[in-house]
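Novice: Below are the structure tokens for one structure; questions will follow.
Number of protein chains: 4
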Amino acid sequence: MLNSSDATIIVSVIGTSTASSEIYALALEVGRLLVRRGCIVACGGRGGVMEAVCRGAFEEEGISIGFLPGGIEEANSYVTIPIPTGLGEARNLLVVSAGKAVISIGSAFGTLSEIGFALKSGKPLVGLATWKAIDEEGNIFPAMMASCPEEAVEMALSSISGGNDLVKG
Amino acid sequence: MLNSSDATIIVSVIGTSTASSEIYALALEVGRLLVRRGCIVACGGRGGVMEAVCRGAFEEEGISIGFLPGGIEEANSYVTIPIPTGLGEARNLLVVSAGKAVISIGSAFGTLSEIGFALKSGKPLVGLATWKAIDEEGNIFPAMMASCPEEAVEMALSSISGGNDLVKG
Amino acid sequence: MLNSSDATIIVSVIGTSTASSEIYALALEVGRLLVRRGCIVACGGRGGVMEAVCRGAFEEEGISIGFLPGGIEEANSYVTIPIPTGLGEARNLLVVSAGKAVISIGSAFGTLSEIGFALKSGKPLVGLATWKAIDEEGNIFPAMMASCPEEAVEMALSSISGGNDLVKG
Amino acid sequence: MLNSSDATIIVSVIGTSTASSEIYALALEVGRLLVRRGCIVACGGRGGVMEAVCRGAFEEEGISIGFLPGGIEEANSYVTIPIPTGLGEARNLLVVSAGKAVISIGSAFGTLSEIGFALKSGKPLVGLATWKAIDEEGNIFPAMMASCPEEAVEMALSSISGGNDLVKG
């Protein structure tokens, strides 16, 4: 059974539902590392990158929250707490809102909407083999680009400054 | 730190943010009982009934998920996993969607919207000192009315038939 | 083509998607009367009461906005401006948010969620052959119950006090 | 008063709330042109690009629908049908869902989320002085980039193939 003790940070991982094996491996390792660092993983709860981060969290006996667009039957096999939102694509906002930082892996269209929401929220956003979005003035986002899962997790966690958004336990 | 093992059922508790002491006590006991029965509590994450069920879950070292209308600062002191949805009142649907059964306590207007969503979803809905909604033909909802927290939790859990919506762990 | 001139008030009509012929006739007349009084009708855009109010508005050459749970193919034949929200049942909140007053017809479960949202918003809410929701203290909602379409429309429009929420044109 | 006759197409315009004078002028002209071509404009209903397209539509006596994150007081002075959604940033999805095609102007973070939703929906998406989003394989989106308002409107309208999503009237 799930139970609670210490404070835990939620980190959101966004990414494509049809990941290549390289992308899947990156996401799997990010899931593992986040749990080892004491985090809960939030994601969209489906396949590809979402399955991989949930699986990584599962292998480390951690918790993943999956915000599903529709019903519970959409959940991948590893998500610990599936939330069947019924909100369709609007659930992308929830994935981003849930976390204290956001890691983006891969280049799906839905992921791009989540990158936009993460930037808008002002939360730390780290990219790993993901979109480069260039504005009219030539600025590139995400501003933090990691070259491997370890760096992505380190960048995300070290960018979380305050403590008021900690999960309480 | 939160960690996962066995399968756990999420039960949603809906109710007023400005509870009388009687209503607060009912909700507190429902929170305790749900955790003792191995459940995770989902609610709106704020005050009144929401605080009471989170507090009850907390006292039993269980987990509560609070779907907040706005930011994380709205969370009560006992919620384990606060989700700052930013969706305003639309988060009421999430509270209902998250659970495998729904227990309604008290008579706030927002609670009435959640009763409507619970009935629409077809999930087991148990009332405890809550709204009575009468349709044109004289049918009364919630159809299951409990007289105490023990009965409310028993009614809710015994009405959950299948196992496919179990939280995986 | 649609074009704009004077200020117009949006009134929301909520109700069942599987209306009896009596309920359908009430909603049809409410749609006609609202347009004759210079209003735009907002509703859920589907069948039953929603179709009837759109049809009434259409017959009077008025405008109806239909907030659909899914895609545009769900729209009834009479809705002027169909909005395919993709938000599922959460679109119920939009139907209520759009209007300056709300008229409830019939007793579907979704309608009950909308009654809850309308009460929460503090907007004028008029019932016509609809739910009676009774709180713990015995108060009955909607507080305004009309006996015919004419009375429902009159109650709704006379309860709209301010002018700042007028549709601009 | 607004009234309805022929079929009309809704086109969504997405863009920054703090537009430079150059960007504002582009959006103003897009609003004018869309109405001259018989379209209704959908947007986020606030300032900057949103105000400019509503103003352009207003000058041509057309209709604009503004999906506001919060209440009606957020609407710009030119929006014809303001919809106070209360959904916060999730209303970005509605702006995209409402239209048969999408035109993006400027480079706000919220706009990037809307570009993601538009791409995900498969609707025609035209960029005008906006984000360039590059995926892992080097593909650039939006695929259609216009150099002036006339070209943007022409690209958008000529890319709308079917007729089943026409606004009925």
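Protein chains in written order, with my numbering: chain E, 1 to 169; chain P, 170 to 338; chain U, 339 to 507; chain X, 508 to 676.
Where is the CB? At the ideal position from N, CA and C, for every residue including glycine.
Suppose you measure from the CA of U:K438 to the CA of U:I347; what does that come to, to the nearest Å?
Specialist: Looking at the two C-alpha atoms, the distance is approximately 7 Å.
Novice: Report the neighbours of X:S604 on chain U: residues whose CB is nearer than 8 Å to its CB, in chain order.
Specialist: In chain order: I421, P422, T423, G424.
Novice: Measure the alpha-carbon distance for E:E74 versus P:S189 and round it to whole angstroms.
Specialist: Between E:E74 and P:S189, the C-alpha separation is close to 40 Å.
Novice: Please report the residue range of the alpha helix (DSSP H) in which U:T468 lies.
Specialist: Not the alpha helix (DSSP H): U:T468 falls in the beta strand (DSSP E), residues 463-468.
Novice: Going along the chain, which unbroken runs of the alpha helix (DSSP H) with 4 or more residues stay wholly within the stretch 247-310 of chain P?
Specialist: Those alpha helix (DSSP H) runs which fall completely within the stretch 247-310 of chain P and span 4+ residues are 260-267, 278-290.
Novice: Please state whether the Cβ-Cβ distance between P:S276 and U:D473 is less than 7 Å.
Specialist: In this structure, U:D473 lies closer than 7 Å to P:S276 by Cβ.
Novice: May I ask whether a heavy atom of the ligand ATP can be found less than 6 Å away from the beta carbon of P:E258?
Specialist: As presented, the structure is devoid of all ligands, the ligand ATP included, so that no description of it is given.
Novice: For E:N139, count neighbouring Cβ atoms within 10 angstroms of its own Cβ and tell me buried if that reaches 16, exposed if not.
Specialist: When all chains shown are included, E:N139 counts as exposed.
Novice: Under DSSP, the alpha helix (DSSP H) around P:G225 begins and ends at which residues?
Specialist: Start and end: 218-228.
Novice: For the structure I just gave you, are there three or more beta carbon pairs, one from the stretch 122-135 of chain E and one from the stretch 38-54 of chain E, closer than 8 Å?
Specialist: They do not touch, by the three-pair rule.
Novice: Under three-state DSSP, which class holds P:G200?
Specialist: Reduced to three states, the DSSP call for P:G200 is helix.
Novice: Indicate whether U:S350 and U:V440 have their beta-carbon atoms separated by less than 7 Å.
Specialist: Yes, the Cβ-Cβ distance between U:S350 and U:V440 is below 7 Å.
Novice: Just checking my contact of U:A390 with U:G369 at CB under 8 Å: how many whole Å lie between their CB atoms?
Specialist: That belief holds up - the Cβ atoms of U:A390 and U:G369 are roughly 6 Å apart, short of 8 Å.
Novice: According to DSSP, simplified to helix, strand and coil, what is P:S233?
Specialist: Strand, per DSSP.
Novice: Could you tell me if P:V322 is buried or exposed, where buried requires 16 or more neighbouring beta carbons within 10 angstroms of its beta carbon?
Specialist: Answer is buried; the Cβ neighbour count reaches 16.
Novice: Below 8 Å on the Cβ atoms is my guess for E:E29 versus E:P149; work out the distance and round it to an integer in Å.
Specialist: About 4 Å separates the two Cβ atoms, so the contact holds.
Novice: Which word fits U:A395, buried or exposed, when buried means at least 16 other C-beta atoms lie within 10 angstroms of its C-beta?
Specialist: Counting Cβ neighbours within 10 Å, U:A395 comes out buried, since at least 16 surround it.
Novice: Would a check of beta-carbon distances place U:S497 closer than 7 Å to chain P?
Specialist: So, not an interface residue.
Novice: Residues of chain U with CB closer than 9 Å to the CB of X:L600, please, in chain order.
Specialist: Neighbours of X:L600 on chain U, chain order: T423, G424, L425.
Novice: Mind checking whether P:S273 and E:P84 have CB atoms under 7 Å apart?
Specialist: It is not a contact, given that the beta carbons lie outside the stated cut-off.
Novice: So is X:G554 in contact with chain A if we call contact Cβ pairs under 7 Å?
Specialist: Annotation note: the requested chain A is absent from the structure, which comprises protein chains E, P, U and X.
Novice: Is DSSP giving U:I352 helix, strand or coil here?
Specialist: In the structure shown, U:I352 sits in a strand (DSSP, three-state: E or B).
Novice: Kindly list, in the order they appear in chain P, the residues whose Cβ is closer than 8 Å to that of X:A582.
Specialist: Simply none; closest approach about 17 Å.
Novice: Hey, does E:I90 have any beta-carbon neighbour from chain U nearer than 7 Å?
Specialist: Here residue 90 of chain E is Ala; the residue named in the question, Ile, does not match the sequence. Chain U, which has a Cβ nearer than 7 Å to the Cβ of E:A90, makes this yes.
Novice: Below 8 Å on the Cβ atoms is my guess for U:L466 versus U:L364; work out the distance and round it to an integer in Å.
Specialist: Yes, they are in contact, since the Cβ atoms of U:L466 and U:L364 sit about 6 Å apart, within 8 Å.
Novice: Could you check whether the Cβ of U:S355 sits closer than 7 Å to any Cβ belonging to chain E?
Specialist: Chain E, which has no Cβ nearer than 7 Å to the Cβ of U:S355, makes this no.
Novice: So X:S620 and E:F109 are in contact, right, with Cβ under 8 Å, and what is the actual spacing, rounded?
Specialist: X:S620 to E:F109, Cβ: 11 Å. No contact.
Novice: Roughly how many whole angstroms lie between the Cα atoms of X:G554 and X:A653?
Specialist: Cα-Cα distance, rounded: 23 Å.
Novice: Could you confirm whether any beta carbon from chain P is found closer than 7 Å to the beta carbon of U:K438?
Specialist: Chain P contact via Cβ: absent.
Novice: Tell me the DSSP secondary structure of X:A549 in three-state form.
Specialist: Strand.
Novice: Does any residue of chain P bring its CB to less than 7 Å from the CB of U:G476?
Specialist: Cβ-Cβ to chain P under 7 Å: no for U:G476.
Novice: Where does the unbroken beta strand (DSSP E) through P:A312 begin, and where does it stop?
Specialist: Where P:A312 is concerned, there is no enclosing beta strand (DSSP E), given that its DSSP letter is neither H nor E.
Novice: Enumerate in chain order the residues of its own chain whose CB-to-CB distance from P:V336 is below 7 Å, with the five nearest sequence positions on each side excluded.
Specialist: With a pLDDT of only 42 at P:V336, under 50, the local geometry of the prediction cannot be trusted, and the value read off the model is given with reservation. Within the same chain, P:V336 has close Cβ partners A176, T177, I178, I179, I209.
Novice: Give the C-beta separation of X:G578 and X:V586 to the nearest angstrom, bearing in mind that I take them to be a contact with Cβ-Cβ under 8 Å.
Specialist: Not quite, the Cβ-Cβ distance comes to about 13 Å (not below 8 Å), so this is no contact.
Novice: Between X:I570 and U:S402, what straight-line distance do the alpha-carbon atoms span, to the nearest angstrom?
Specialist: Cα-Cα distance, rounded: 14 Å.
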